[in-house]
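Numbering (my numbering), first residue to last: 43 to 329. Quick reminder that beta carbons are idealized off the backbone N, C-alpha and C, glycines included. Since the structure comes first, as structure tokens, the remarks are kept for the end.
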């Protein structure tokens, strides 16, 4: 039932003007903020204070905005049937040449990004602009919603695989595809420890490990939202993992470098990162 309700809601949203949709998205964000547990809000504010060294009132505002933007993000996804033919009216790309140069090497590439801005639209916009993108998804517990979101990802031009599909990722890299990977969540006991906002953090090593295995370029890519609702995709020059005899050290160094790049992006756009994820949970438990 939820699949068909989402499709109907999407159809209605596609008929409405952008100004109305932005208002609906903002309302959804504000409404759901009321349902966020106070414990999680306090955790987000505490981490913002430790990382950004801002006043408590500003930290609370950043925490709220980092959540409420999800309302607009959901609306953007529901608009995929409408925007797929005219994506550049919704998202512009800066640094396109870096992506084209990387693909010209013929080894595919890794898109290293974070839960910042509308990361779903980031993948959709790149795919709609003709870049061969594989979105690596987390399987949703709700089967119908998993079906809906993956259908819409494919609608806008993405190929979708799950985090468990490592063999498929390796194969598609060899075929020249771009693999989009989010690398800013707590990696738990399997993570590489690197400094993130000057705190020991368990970081995912997948992007660096995969890139080293295939000698593929890694491109840091982020998306930001302007006040008028237009999004900007920022593509940075490709990085390459060292190929020394010390494989683990090569991977650790690149993971630390990418983590530092993500940190700098968050410092520039603090309200767009998802502060309500407990990024340091596993390391704090070890201590």
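Pairwise C-alpha distance: residue j and residue i
{"i": "residue 291", "j": "residue 218", "result": "26 Å"}
{"i": "residue 134", "j": "residue 299", "result": "26 Å"}
{"i": "residue 309", "j": "residue 210", "result": "34 Å"}
{"i": "residue 157", "j": "residue 315", "result": "6 Å"}
{"i": "residue 214", "j": "residue 141", "result": "17 Å"}
{"i": "residue 70", "j": "residue 107", "result": "12 Å"}
{"i": "residue 194", "j": "residue 101", "result": "34 Å"}
{"i": "residue 98", "j": "residue 91", "result": "7 Å"}
{"i": "residue 82", "j": "residue 227", "result": "16 Å"}
{"i": "residue 47", "j": "residue 123", "result": "16 Å"}
{"i": "residue 208", "j": "residue 261", "result": "19 Å"}
{"i": "residue 87", "j": "residue 148", "result": "44 Å"}
{"i": "residue 363", "j": "residue 146", "result": "The first residue shown for the chain is 43 and the last is 329, placing residue 363 beyond what the model contains."}
{"i": "residue 293", "j": "residue 221", "result": "17 Å"}
{"i": "residue 317", "j": "residue 287", "result": "37 Å"}
{"i": "residue 233", "j": "residue 250", "result": "12 Å"}
{"i": "residue 199", "j": "residue 230", "result": "32 Å"}
{"i": "residue 302", "j": "residue 43", "result": "43 Å"}
{"i": "residue 296", "j": "residue 94", "result": "24 Å"}
{"i": "residue 258", "j": "residue 325", "result": "30 Å"}
{"i": "residue 197", "j": "residue 165", "result": "12 Å"}
{"i": "residue 109", "j": "residue 80", "result": "13 Å"}
{"i": "residue 184", "j": "residue 192", "result": "12 Å"}
{"i": "residue 78", "j": "residue 136", "result": "35 Å"}
{"i": "residue 131", "j": "residue 125", "result": "8 Å"}
{"i": "residue 323", "j": "residue 246", "result": "14 Å"}
{"i": "residue 45", "j": "residue 289", "result": "44 Å"}
{"i": "residue 176", "j": "residue 203", "result": "7 Å"}
{"i": "residue 248", "j": "residue 51", "result": "36 Å"}
Continuous beta strand (DSSP E) stretch holding residue i: start and end
{"i": "residue 277", "result": "273 to 277"}
{"i": "residue 237", "result": "234 to 238"}
{"i": "residue 242", "result": "241 to 245"}
{"i": "residue 134", "result": "133 to 136"}
{"i": "residue 264", "result": "260 to 267"}
{"i": "residue 177", "result": "175 to 179"}
{"i": "residue 224", "result": "220 to 224"}
Opening and closing residue of the alpha helix (DSSP H) in which residue i lies
{"i": "residue 215", "result": "208 to 216"}
{"i": "residue 166", "result": "161 to 170"}
{"i": "residue 201", "result": "That residue, residue 201, is in no alpha helix (DSSP H); its beta strand (DSSP E) goes 201 to 204."}
{"i": "residue 155", "result": "Note, residue 155: premise wrong, no alpha helix (DSSP H); beta strand (DSSP E) at 151 to 155."}
{"i": "residue 67", "result": "60 to 75"}
{"i": "residue 96", "result": "Per DSSP, residue 96 belongs to no alpha helix (DSSP H) and is neither H nor E."}
{"i": "residue 193", "result": "185 to 197"}
{"i": "residue 255", "result": "248 to 256"}
{"i": "residue 301", "result": "289 to 310"}
{"i": "residue 123", "result": "122 to 125"}
{"i": "residue 316", "result": "Segment: none, residue 316 is in no alpha helix (DSSP H) and carries neither H nor E."}
{"i": "residue 47", "result": "44 to 57"}
Cβ-heavy atom distance, residue i to the ligand ZN, below 7 Å
{"i": "residue 57", "result": "The model on display carries no ligand, and the ligand ZN is accordingly not part of it."}
Residues near residue i by beta carbon distance below 8 Å, same chain, minus five either side
{"i": "residue 113", "result": "66, 67, 68, 69, 70, 71, 72, 73 and 74"}
{"i": "residue 49", "result": "190"}
{"i": "residue 321", "result": "89, 226, 227, 228, 238 and 243"}
{"i": "residue 161", "result": "155, 224 and 265"}
{"i": "residue 143", "result": "280"}
{"i": "residue 212", "result": "252, 255 and 256"}
{"i": "residue 105", "result": "83, 86, 87, 90, 317 and 318"}
Chain-order list of residues whose beta-carbon lies under 6 Å from that of residue i (same chain, five-residue window excluded)
{"i": "residue 129", "result": "167 and 170"}
{"i": "residue 311", "result": "266"}
{"i": "residue 283", "result": "250, 253, 254, 292 and 296"}
{"i": "residue 307", "result": "264"}
Spatial neighbours of residue i in its chain, beta-carbon cut-off 7 Å, leaving aside the 5 residues before and after
{"i": "residue 188", "result": "181 and 182"}
{"i": "residue 205", "result": "178 and 180"}
{"i": "residue 313", "result": "104, 107 and 108"}
The region 263 to 281 / the region 225 to 239 touching (three or more Cβ pairs under 8 Å): Segments in contact, no.
Three CB pairs or more closer than 8 Å across the region 249 to 261 and the region 105 to 122: No contact exists between the region 249 to 261 and the region 105 to 122.
The region 47 to 61 in contact with the region 275 to 293 per 3-pair CB rule at 8 Å: Proximity of the region 47 to 61 to the region 275 to 293 falls short of the contact definition, fewer than three beta-carbon pairs being nearer than 8 Å.
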